[in-house]
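Reading through the structure tokens given below for one structure.
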Amino acid sequence: MFVDLLFYGFSTILLAAALGVIISRNPVYSALCLVLAFFTSAALWLLIEAEFLAIVLVLVYVGAVMVLFLFVVMMLDINVEEVKRGFTRYAWLGWVVSLIVIGQMITVFYAKDFGIDATIGPVRNPVDHSNTRELGEVLYTQYVYPFELAAVLLLVAIVAAIALTMRRRPGLKPQDVAKQVAVRREDRVRLVKDVTREGGEGPR
Amino acid sequence: MSEFLAVWSSLPEYIRTSVWILIVTVAVILSVAFTTLWERKFIGWIQLRKGPNRVGSFFGLVPGIFQPFADVIKLLLKEVVVPSASNKWLFRVAPAITLIPAFAAWAVMPLDPNLVIADIDAGLLYILSLTSVGVYGVILAGWAANSKYAFLGAMRSAAQVVAYEIAMGFALVGVVMAAGTLNLGDIVRAQQGGLGNWFFIWLFPLFVVYVIAGVAETNRAPFDVAEGESEIVAGFHVEYSGIAFALFFLAEYANMILISALTAVFFLGGWLSPFDGLLAADHPLAVPGFHWLFLKLFFFLTCFMWYRATFPRYRYDQIMRLGWKVLIPVTLVWITVEGVMVWFGVGPWSR
Chain Y
1 MFVDLLFYGF STILLAAALG VIISRNPVYS ALCLVLAFFT SAALWLLIEA EFLAIVLVLV
61 YVGAVMVLFL FVVMMLDINV EEVKRGFTRY AWLGWVVSLI VIGQMITVFY AKDFGIDATI
121 GPVRNPVDHS NTRELGEVLY TQYVYPFELA AVLLLVAIVA AIALTMRRRP GLKPQDVAKQ
181 VAVRREDRVR LVKDVTREGG EGPR
Chain S
1 MSEFLAVWSS LPEYIRTSVW ILIVTVAVIL SVAFTTLWER KFIGWIQLRK GPNRVGSFFG
61 LVPGIFQPFA DVIKLLLKEV VVPSASNKWL FRVAPAITLI PAFAAWAVMP LDPNLVIADI
121 DAGLLYILSL TSVGVYGVIL AGWAANSKYA FLGAMRSAAQ VVAYEIAMGF ALVGVVMAAG
181 TLNLGDIVRA QQGGLGNWFF IWLFPLFVVY VIAGVAETNR APFDVAEGES EIVAGFHVEY
241 SGIAFALFFL AEYANMILIS ALTAVFFLGG WLSPFDGLLA ADHPLAVPGF HWLFLKLFFF
301 LTCFMWYRAT FPRYRYDQIM RLGWKVLIPV TLVWITVEGV MVWFGVGPWS R
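Chains as they are written, first to last, in this note's numbering: chain Y, 1 to 204; chain S, 1 to 351.
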């Protein structure tokens, strides 16, 4: 009963937040609504005892991805008028895409062997059940190759992104920190003998 | 006393937990108050000054002991100015967003062998995710204020926190490998059996990385470019005044205490005694307890102030370089070394 109440509460907030992402005029509000959507879906995952995934969702998406998202969105100076210009022209495409998505969801929920009635909810585990351990055990034994492949794929993406953004312009004077640290007094300062002091030859 | 204990244990669990939450929250707030006083005193001594010595004296022993309360009353009585061109709602919410994670993280902190408010299995992940949420307050404060200085501070903070979170997370991967658990209490228990088993010996590079990343995460000197008072006035909280400004400081100091406590838990055996194993188990110095955690926490907290009084502020590009090109490779190398040590059964985790 209490769990049901929590579920419907969080689901309502989730739907409202998801709606907020697409209907709010301010892109910063959209990003913040997305953060709220992530939080509430993490809460829903907690309800089906997926603790590890729920916390990692908050850690990765809220803690890192959305921070960078906000970072970019805040720096953009989005002119709402200009964005809206093509809206009616491409509206039919939007309708087609949304109809396809709705159709797919209907087929999933009404399918004979994949519907809500056919799949049983997760079995309640005892209190000392460690979600993280279970996940780690299958991830590093049964699914180790797909897991490693996904990791390598991400690494390739990182390397590619860095390679694309790193361009060597001529005339750039970047600092070489190792050189700066290794510098000695003798390289920078030259002690000159003060000729004016000795013998009183030069002009004062 | 025994009657009290009997009544206490007969109460339902949610009431006992609520009482503990209240106790820990009040304790953290009071610690924050006295940390500000200790910081001003300590930095005063470093700079050959007396520090605050006017408000209260406590029989002439600790001049200035009531300074934090005087500060709080002053800030409470000041007007909170909300800039007319700001985003008023986010401007008011932002201090709370920084504050809540700093306090919520204490829920999983093992304070004593038998005392932790929420003894959850994924405690370390919970702490990591909460501390990563705290940066939203800084970013939103900077953006909502609609001021260029505040915005610069927010942008700096966002990039810095994301960079150092990675190094911090990797350092904790080493701790998790060594302890074999994400539960903070079990991480402390994995370091049982004397000083030689504490993780800072076996994971020394990770320990150093964690301490540095912790200073950067809390936006403290020498990583305080988000505030950078000599460059961008006061950074993200330049438009804040009165108690809203105080909330940011409450969050910053609460985070400092939290990071100090976490360093003690992850690397210095939390509530374990350093004489554990050297002296007889019932010797008063060998008994584990909150006082050991407090001493370790206090040491790291004082280090925060020591850094502030010693190091000049990092330049922004130097911060980025240190985070991405020095700390992260160091953690990667040491995790590999640790893997080799685990494989060959060297170290306290081979038991």
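Ideal Cβ positions, reconstructed from N, Cα and C, are used throughout, including at glycine.
Tell me where the alpha helix (DSSP H) around residue i begins and ends.
| i | result |
| --- | --- |
| Ser10/S | Ser2 to Ser10 |
| Phe290/S | Phe290 to Thr310 |
| Trp364/S | Outside the displayed range of chain S (1 to 351) lies residue 364/S, so it cannot be described from this structure. |
| Val214/Y | Within the shown structure, residues of chain Y are numbered from 1 to 204, placing residue 214/Y beyond reach of any answer. |
| Lys325/S | Careful: Lys325/S lies outside any alpha helix (DSSP H) and carries neither H nor E. |
| Val162/S | Lys148 to Ala179 |
| Asn131/Y | Asn131 to Leu139 |
| Leu32/Y | Pro27 to Leu47 |
| Asp4/Y | Phe2 to Ile23 |
| Leu182/S | No alpha helix (DSSP H) holds Leu182/S; DSSP gives it neither H nor E. |
| Trp95/Y | Ala91 to Tyr110 |
| Val233/S | Careful: Val233/S lies outside any alpha helix (DSSP H) and carries neither H nor E. |
| Glu51/Y | Glu51 to Leu57 |
| Gly123/S | Gly123 to Val133 |
| Gln180/Y | Val177 to Ala182 |
| Val192/Y | That residue, Val192/Y, is in no alpha helix (DSSP H); it is neither H nor E in DSSP. |
| Ala107/S | From DSSP, Ala107/S is part of no alpha helix (DSSP H); its letter is neither H nor E. |
| Thr88/Y | Taken as a continuous stretch (DSSP letters only), Thr88/Y belongs to no alpha helix (DSSP H), as it is neither H nor E. |
| Ala151/Y | Val144 to Thr165 |
Please name the residue or residues paired with residue i in a DSSP beta bridge.
| i | result |
| --- | --- |
| Met276/S | It should be pointed out that residue 276/S corresponds to Asp in this sequence rather than to Met. Paired residues: Leu279/S. |
| Gly115/S | The displayed chain sequence assigns Leu, not Gly, to residue 115/S. For Leu115/S, which the question treats as bridged, DSSP gives the partners Asp112/S. |
Entirely enclosed alpha helix (DSSP H) segments - the region 63-105 of chain S, minimum 4 residues: Segments of the alpha helix (DSSP H) lying fully in the region 63-105 of chain S: 67-77 and 88-104.
Contact between the region 81-91 of chain S and the region 119-129 of chain S (3+ Cβ pairs under 8 Å): A contact is defined here as three or more CB-CB pairs under 8 Å, and the region 81-91 of chain S fails this definition with respect to the region 119-129 of chain S.
Contact the region 248-260 of chain S vs the region 91-102 of chain S: 3+ CB pairs below 8 Å: With the cut-off at 8 Å, the region 248-260 of chain S and the region 91-102 of chain S touch.
Residues within the region 119-142 of chain S neighbouring chain Y, beta-carbon criterion of under 7 Å: Taking 7 Å as the Cβ-Cβ cut-off against chain Y, the residues of the region 119-142 of chain S that qualify are Asp121, Ala122, Leu125, Tyr126, Leu128, Ser129, Ser132, Val133, Val135 and Ile139.
Within 9 Å of chain S by C-beta, residues of the region 119-149 of chain Y in sequence order: Asp128, His129, Ser130, Asn131, Thr132 and Arg133: these are the residues of the region 119-149 of chain Y whose beta carbon lies less than 9 Å from some beta carbon of chain S, given in chain order.
Interface positions of the region 146-167 of chain S facing chain Y (Cβ-Cβ less than 9 Å), listed along the chain: Within the region 146-167 of chain S, the qualifying residues are Phe151, Ala154, Met155, Ala158, Ala159, Val161, Val162, Glu165 and Ile166.
Where the region 285-312 of chain S meets chain Y: residues whose CB sits under 7 Å from a CB there: Among the residues of the region 285-312 of chain S, none has a Cβ less than 7 Å away from any Cβ of chain Y.
Cβ contact check for the region 190-209 of chain S and the region 36-46 of chain S: 3 or more pairs under 8 Å: Under the Cβ criterion (8 Å, minimum of three pairs), the region 190-209 of chain S does not count as touching the region 36-46 of chain S.
Chain S contacts from the region 53-75 of chain Y (Cβ-Cβ distance under 8 Å): Only Ile55, Val56, Val58, Leu59, Val62, Gly63, Ala64, Val67, Leu68, Leu70, Phe71, Met74 and Met75 from the region 53-75 of chain Y bring a Cβ to less than 8 Å from some Cβ of chain S.
Inter-stretch contact (C-beta, 8 Å, three-pair minimum) for the region 89-96 of chain S and the region 138-147 of chain S: They touch, by the three-pair rule.
Stretch pair the region 217-230 of chain S + the region 296-315 of chain S: three plus CB contacts closer than 8 Å: Three or more beta-carbon pairs drawn from the region 217-230 of chain S and the region 296-315 of chain S are found closer than 8 Å, and the two stretches are therefore classed as touching.
Segment contact, 8 Å Cβ cut-off, at least three pairs: the region 48-61 of chain S with the region 23-34 of chain S: Touching, no.
Stretch-stretch touch, CB-based, cutoff 8 Å, three pairs: the region 148-163 of chain S with the region 290-309 of chain S: Taking a cut-off of 8 Å for Cβ pairs, the region 148-163 of chain S and the region 290-309 of chain S do not touch, as fewer than three such pairs fall below it.
Chain Y contacts made by the region 312-324 of chain S, where a contact means CB separation under 7 Å: Residues Arg321.
Segment contact flag, the region 204-215 of chain S with the region 327-338 of chain S, C-beta cutoff 8 Å, min 3 pairs: These segments touch.
Against chain Y: residues of the region 167-192 of chain S by CB proximity under 8 Å: The residues in question are Leu182.
Interface positions of the region 153-181 of chain Y facing chain S (Cβ-Cβ less than 9 Å), listed along the chain: Answer set for the region 153-181 of chain Y: Gln175 and Val177.
Inter-stretch contact at 8 Å, needing at least 3 Cβ pairs: the region 234-246 of chain S / the region 266-274 of chain S: In short, these stretches do not touch, since the Cβ pair count stays below three.
Any 3 or more C-beta pairs closer than 8 Å across the region 155-171 of chain S and the region 58-75 of chain Y: By the Cβ criterion, the region 155-171 of chain S is in contact with the region 58-75 of chain Y, since at least three pairs of Cβ atoms, one from each stretch, lie closer than 8 Å.
The region 171-182 of chain S / the region 338-345 of chain S touching (three or more Cβ pairs under 8 Å): Contact holds: three or more Cβ-Cβ distances are below 8 Å.
Within 7 Å of chain S by C-beta, residues of the region 24-55 of chain Y in sequence order: Those would be Val28, Glu51, Phe52 and Ile55, in chain order.
The region 4-18 of chain Y in contact with the region 37-52 of chain Y per 3-pair CB rule at 8 Å: Segments in contact, yes.
Complete runs of the alpha helix (DSSP H) confined to the region 189-274 of chain S [at least 4 residues]: DSSP runs (the alpha helix (DSSP H)) wholly in the region 189-274 of chain S: 199-202, 204-217 and 242-267.
Contact between the region 92-105 of chain Y and the region 181-191 of chain S (3+ Cβ pairs under 8 Å): With the rule of 3 Cβ pairs closer than 8 Å, the region 92-105 of chain Y does not count as touching the region 181-191 of chain S.
At least three beta-carbon pairs within less than 8 Å, the region 191-200 of chain S to the region 132-152 of chain Y: They do not touch, by the three-pair rule.
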